[in-house]
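K.L.:
Protein chains in written order, with the numbering used here: chain R, 457 to 634; chain B, 79 to 527.
(1) So which of B:257, B:191, B:234, B:205 has the shortest CA-CA distance to residue 93 (chain B)?
(2) Chain B beta carbons: is any one of them nearer than 9 Å to that of residue 559 (chain R)?
(3) Since I believe residue 389 (chain B) is in contact with residue 329 (chain B) (beta carbons under 8 Å), could you give me their beta-carbon distance rounded to a whole number of angstroms?
(4) Whole angstroms are fine: how far does the CA of residue 507 (chain R) sit from the CA of residue 429 (chain B)?
(5) Excluding the five sequence neighbours on either side, which residues of its own chain have a C-beta within less than 6 Å of the C-beta of residue 362 (chain B), listed in chain order?
(6) How about residue 526 (chain B): is its C-beta nearer than 9 Å to some C-beta of chain R?
(7) Where does residue 479 (chain B) land, buried or exposed, given buried means 16+ other C-beta within 10 angstroms?
(8) Shortest alpha-carbon distance to residue 386 (chain B) belongs to which of B:212, B:403, B:412?
(9) Take the Cβ of residue 469 (chain R) as the centre, count every other Cβ of all protein chains shown within 10 Å, and call the residue buried at 16 or more, exposed below.
(10) Assuming residue 526 (chain R) and residue 557 (chain R) form a contact by the criterion Cβ under 8 Å, report the distance between their Cβ atoms to the nearest whole angstrom.
(11) Taking the C-alpha atoms as reference points, what is the distance between residue 377 (chain B) and residue 633 (chain R)?
(12) Relative to the alpha-carbon of residue 511 (chain R), which residue among R:484, R:502, R:519, R:551 has its alpha-carbon at the smallest distance?
(13) Is residue 531 (chain R) close to chain B, meaning its C-beta is less than 9 Å from at least one C-beta of that chain?
(14) Note down, in chain order, every chain B residue with its Cβ under 7 Å from the Cβ of residue 572 (chain R).
(15) Beta carbon of residue 486 (chain R), beta carbon of residue 458 (chain R): below 9 Å?
(16) Does chain B have any CB closer than 9 Å to the CB of residue 503 (chain R)?
(17) Identify the continuous alpha helix (DSSP H) that holds residue 139 (chain B) and give its terminal residues.
(18) Can you grab the Cα-Cα spacing for the pair residue 246 (chain B) / residue 232 (chain B), in whole Å?
(19) Determine whether the Cβ of residue 614 (chain R) lies closer than 9 Å to any Cβ atom of chain B.
(20) List the residues of chain R that residue 84 (chain B) touches, going by C-beta distances under 7 Å, in chain order.
(21) Sort out for me which residues DSSP pairs residue 282 (chain B) with in a bridge.
(22) Give me the Cα-Cα distance between residue 416 (chain B) and residue 490 (chain B), rounded to the nearest whole angstrom.
(23) As an exercise, report each continuous beta strand (DSSP E) stretch of at least 3 residues that is fully enclosed by the region 327-381 of chain B, in chain order.
(24) Does DSSP classify residue 82 (chain B) as helix, strand or coil?
(25) In chain B, which residues lie with their C-beta within 9 Å of the C-beta of residue 609 (chain R)?
(26) Could you please give the first and the last residue of the uninterrupted beta strand (DSSP E) stretch that includes residue 180 (chain B)?
(27) Leaving out five residues on either side along the sequence, give the residues of the same chain with a beta carbon under 8 Å from the beta carbon of residue 595 (chain R).
(28) Tell me, please, which residues DSSP counts as bridged to residue 158 (chain B).
(29) Residue 458 (chain B) versus chain R: which residues are under 7 Å apart at the beta carbon?
(30) Does DSSP classify residue 466 (chain B) as helix, strand or coil?
(31) When the Cα atoms are used, what is the spatial distance from residue 467 (chain R) to residue 476 (chain R)?
(32) Any idea if residue 369 (chain B) is buried or exposed, counting beta-carbon neighbours within 10 angstroms, 16 or more meaning buried?
(33) Report all residues from its chain with a CB closer than 8 Å to the CB of residue 437 (chain B); omit the five preceding and five following residues, and keep chain order.
(34) Shortest alpha-carbon distance to residue 179 (chain B) belongs to which of B:365, B:119, B:274?
(35) In the region 590-632 of chain R, which residue ranges form an unbroken beta strand (DSSP E) of at least 3 residues, counting only runs that do not cross its ends?
(36) With residue 285 (chain B) and residue 144 (chain B) assumed to form a contact (beta carbons below 8 Å), what rounded beta-carbon distance in angstroms separates them?
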């Protein structure tokens, strides 16, 4: 599987931009374990790429996004050294309100295989995250990791909770004029 | 494969999780405040502490010899114990020699004596060890075990404690914390008076001066180590520190990380037995230096885990610990530190599944005062356990692994992926126990190329 990704994504000498911290961590930390250090330097998480490679720290001329969002900082962002890049980009969108919520440092409970093999722990940790966010009055949960979003969305749909999840890239795509 | 932590969590009453979670959140928050007050540069303080602990591990043999020599100069008897049973026998020998008619032994809170199961050993020999730390006291009267290395009854609420006190006739039923503390105080005073031996752990042992450092908040350590004629201190060999200058770093770092305090209410520096001109204090002080697999750990992949100062911050911040409680780990040491320390000491064959009881979120490493790379070690343990034939996940993954590890088959399989969402699979069933499955949106990422 990694062989395939390596062949497809890393055969040209161009940056590879990845919309998930966990995938970035795999390429950056996992691939060197598999192949030696060859591919890791060109892999960037999306917000990391925008802020540090493109040197864009905010959007100009973006359309308004009048929603209250809770920004869940995915744990694998921590693992690859992300700081507030996603928050910086989102905060520059007119109309958006980033609301604080309790225990923001806590994991959403996904954890890869952990989510299916230890489903009770995983789902209860996720539901606690959803409780903290619901209490904040946010309309949407925004994150930068597909794993967290898939897990939280699955819990929300199972419990019919009145909140939705979005990847921050979806919001950027929506507010940046064509 | 599920783990013991998952199985335990499935049966755990919501009330227990609520107790653990609310206390953990409180301690995680107060930790940040306290460390910020104590250190302008918290990150620098953690790096400094990690460096000192690295020095200790690199020079452990020499520091222990130095500690032994200086303790002896101070009049402390030093004993070496290879494992739990040697330590227990040694302590039993001291008890037999020191105890008169009374079989009462007062104990200050000590995780290392939990590790060697000293209480049950002494009880089987006809002695009556009495836990004098309020939390440990409740654990003892309930026939329970500590569920946290710093706050043993984090899994209980005040109503449960009130019921235990009333049941044991410690005093009339009350749920007021101050009244419960007073009842325990009155009950325990007579035990301190009756005991001729006090047993404690050690937080730091200073090699250059031979002084033993103990921190606490209740004053029971002071009574346990000064009222009885004999004080026996038990410590894991990794608790030695080079000198007393480093206490100015470690004391606030431990207090801040463990209980969100600038300093604990009491800090004891114990030099030895009472001097000829002193009217109180123990007549004998013994120090038991315990290995119990620590040397094995020191020489292996997980040596950094020996830097641990037992603050419990990694337990408090861990989402799995908060959900499952310390008892879920089935070991004296729980949470992220326990999930590494326990299998590192006792083997992955027996305890390797604990490494899977983690989402690898990394928050444990972020709060560790001595920067132990716990997530990395959990990964290493998973790898080691897998190679040792434990932790195999079995059928649900085997098909996936079979395909994903053969790149030709994987490539071919990708073209069939749209069909996969309609096939049944055990992993889907497991996912759906708690969540909806994501729906395919119909687009094909690969065609965009």
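Glycine included, every Cβ here is placed at the ideal spot set by N, Cα and C.
P.N.:
The structure says:
(1) B:234
(2) yes
(3) Actually they do not touch by this definition, with Cβ atoms about 12 Å apart.
(4) 43 Å
(5) 308, 351
(6) In this prediction, residue 526 (chain B) scores a pLDDT of 44, lower than 50, which makes its location untrustworthy; no coordinate-derived value is stated.
(7) exposed
(8) B:412
(9) exposed
(10) 5 Å
(11) 60 Å
(12) R:502
(13) yes
(14) 505, 508, 509
(15) yes
(16) no
(17) 138-151
(18) 20 Å
(19) yes
(20) 574, 576, 577
(21) B:291
(22) 43 Å
(23) 344-348, 362-368
(24) helix
(25) 513, 514, 516
(26) From DSSP, residue 180 (chain B) is part of no beta strand (DSSP E); its letter is neither H nor E.
(27) 523, 524, 525, 619, 620
(28) B:367
(29) Near residue 458 (chain B) there are no residues of chain R at all, since even the closest Cβ is about 11 Å away, more than 7 Å.
(30) coil
(31) 21 Å
(32) buried
(33) 397, 398
(34) B:274
(35) 596-599, 620-623
(36) 4 Å
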